[in-house]
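Every letter in the sequence shown is one number past the one before it in numbering that gives the first Met the number 0, and letter 355, counting from 1, is 354. Below is one structure; the comments refer to it alone.
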Amino acid sequence: MNMANKTEVNLRERLKKPPSAVFVDTYFSGKVSKDLKYNFDSEMEIHFAHGLMLAKQKIVSARDLKKILKLVLQIHTRGPDVLDIDFKLEGLYSYTERYIVSKLGPEVGGRLHTGRSRNDMHTTAWRMAMREEMLKILALLLKLRGTVLKLAKKHTKTVMPGFTHSQHAQPITLGYYLLTVADLFGRDFARLLGSLGHTDQCPLGAGALTTTAFPLDRNYVAKALGFAKPMEVAYDAVSNRDDALEATAALSILMTNISRLAFDLQAWNTFEYRFIETGDEHSSVSSIMPQKKNPAALEHIKAVAGMVSGAFTATSACVKNTSLSDVADGVTALNEPALEACSKTADILHLLEEVLGAITVNKDVMLKSAEIGFGSATELSDVIVRETGLSFRMAHNIVGTVVRNTVEKGGIATDIRSADLDDASNKLFGKPLGMSEQSVSGALDPAKNIEVREMLGGPGLNQMAAMIKGRMIQLRNDNSTVAATRRRVIKARDKLIADTKAFCKGA
């Protein structure tokens, strides 16, 4: 055969038979579709970086590489339609090489893959796709954290019941609750940022698994593609995607935290609570019941949280019981559920930030609930200890008895008087407490409960101001970190394309 006239790419010379129609439909077509959906731009950029490096290292002649990269630029500009994809070849790369060889012949067109494997190329492309999605998520999470912190600052005096086991526990403020949410999201951010650091390493140059004898410059291609550094051990670079597992696990935790917030908001939105009301723009109606205003956005948020948790199960299941090497199930198959988890999480972060901004807070209802409930019972016990010298357990027994008696009479917390405490104390310990009504009513005041809790981490105004300030500073620092990474990636991409165009001039 005259190789100079051969223009059709065939990577299956080892095999006698072509792939079956069923195999094409169930595997090749899906693989190519995923490449087109997630990796088209990334693969073209990988070709640019690898080609420029081959020229720099004088591994392939600049003359040949100019011709090759000029065609890759055309593909990048015109899009995948130019490749006449019929889903019968294994992956986007095969179509790209087929197109180049059809224009330049195999002697020139076949040189781009020198020193490279689909193993290192594909895992690089998937890491680039994951990096892009993670940067989007981090930016959205930063915006959401900012919204939550602003709401926390706005509601430092919005008194409400704090709950344990779905029962009134102690008075808090809505701002204090939201500060808890902000800290959850802060830890989610730290997990995702750490995961991004593991994703942001370049496998290109690892080859199939042991690098190559060609004098490649792995630092050059890593920098050209905007990575923080090369992924050093070649075997590790092509055989592991624990970064995708880590990212999906972090996304699952984030969405679980979001789901817990949505659960509370949905409960508070009910007629029985009426603490908040979701915006009309995030609600749905009934086709039969004209009074209905359903918190559909919150329900959707909780549902998608389950889907993201399912994506983590899917990614880990793909890897479980696979060889520690480049295998389709352990290195490739997990990318789709991981990236779908990214997409779904990004959508929910955007939606939740909107939902929080449109919620109406019924401050009076929250305060009234805190006043009539018995959440101030702990502070009443503490006041008894401070004013009478009784042990806390004795005070606890007295207040517990009074609460029981009040509930049995159909009363509420504000019905409790000093005489009630004296009666319980006499029955339990043979002596009255003799506390003033002012002390009792002050102890039962939810707002005063909060005011006195000024130790580290408490809901008092001074503590809240200090904690919110510290978290705002951290938020600015986190914004700077993500922005710097984003700038590095964009700058590298722009430079790579500009360098490729400059290199190809005159070709």
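Just so it is clear, CB atoms sit at the ideal spot from N, CA and C, and this is done for glycine as well. Values in this document were obtained by computation on a predicted structure and should not be read as measured data.
Rounded to whole angstroms, the separation of the alpha carbons of residue 54 and residue 60 is 6 Å. Annotated three-state conformation of residue 74 is helix, per DSSP. Excluding five sequence positions before and after residue 446, the CB atoms of its chain that fall closer than 7 Å to its own CB belong to 158, given in chain order. Of the residues 70, 405 and 106, the one whose Cα lies closest to the Cα of residue 94 is 70. Counting along the chain, the unbroken alpha helix (DSSP H) around residue 496 starts and ends at 460 to 503. Closest in C-alpha terms to residue 376, from the list 57, 440 and 111, comes 440. For residue 289, there is no enclosing beta strand (DSSP E), as DSSP gives it neither H nor E. Distance between residue 65 and residue 104, taken at the CA atoms: about 14 Å. Where residue 220 is concerned, the enclosing alpha helix (DSSP H) starts and stops at 217 to 223.
Using a Cβ distance threshold of 8 Å, residue 357 and residue 281 count as a contacting pair. Going by C-alpha positions, residue 259 is about 11 Å away from residue 266.
Counting C-beta atoms within 10 angstroms of its own C-beta, residue 47 has 16 or more neighbours from the protein chains shown and is therefore classed as buried. A direct Cα-Cα distance of roughly 8 Å separates residue 111 from residue 49.
For a cut-off of 8 Å, the C-beta gap from residue 474 to residue 141 is around 7 Å, short enough to register as a contact. If you draw a 10 Å sphere on the C-beta of residue 470, you find 16 or more other C-beta atoms in it, and that means buried. Residue 268 sits away from residue 283, with the two beta carbons spaced by 8 Å or more. For the segment 120 to 203, the full-length alpha helix (DSSP H) segments reaching 4 residues or more read 173 to 198 along the chain. Annotated as proximal: residue 175 and residue 463, with beta-carbon spacing under 8 Å. The shortest CA-to-CA distance from residue 346 to any of 477, 131 and 303 is the one to 303.
Boundaries of the alpha helix (DSSP H) harbouring residue 437: 436 to 443, taken from the DSSP string.
Selection 85, 314 and 449 evaluated against residue 328 yields 314 as nearest (Cα-Cα).
Assignment of residue 58 by DSSP, reduced to helix, strand and coil, places it in the coil class. When beta bridges are read from the DSSP output, residue 229 appears opposite 201. With contacts defined as CB atoms closer than 8 Å, residue 413 and residue 443 qualify as a contacting pair. Around the beta carbon of residue 289, a 10 Å sphere encloses fewer than 16 other beta carbons of the protein chains shown; the residue is thus reported as exposed. Pairwise C-beta distances place the segment 114 to 124 in contact with the segment 232 to 249, as three or more of them are shorter than 8 Å. Exclusion of the five residues before and after residue 332 leaves 317 as the residues of its chain whose Cβ lies within less than 8 Å of its Cβ. By the beta-carbon neighbour count (other beta carbons within 10 angstroms, threshold 16), residue 277 is buried. It is roughly 17 Å from the alpha-carbon of residue 273 to the alpha-carbon of residue 170. Contact between residue 231 and residue 124 does not hold, since the beta-carbon distance rounds to 19 Å and is not under 8 Å.
By the Cβ neighbour-count rule, residue 166 is exposed, with fewer than 16 other Cβ atoms within 10 Å of its own.
If the five residues before and after residue 181 are omitted, its C-beta is found closer than 8 Å to the C-beta atoms of 144, 147, 148, 151 and 470, all from its own chain and listed in chain order.
By a beta-carbon distance limit of 8 Å, residue 438 contacts residue 386. Their separation comes to about 6 Å. The Cβ atoms of residue 285 and residue 245 lie no closer than 8 Å to each other. When DSSP states are grouped into helix, strand and coil, residue 283 belongs to the strand group. Residue environment for residue 305: exposed (fewer than 16 other C-beta atoms within 10 angstroms of its C-beta).
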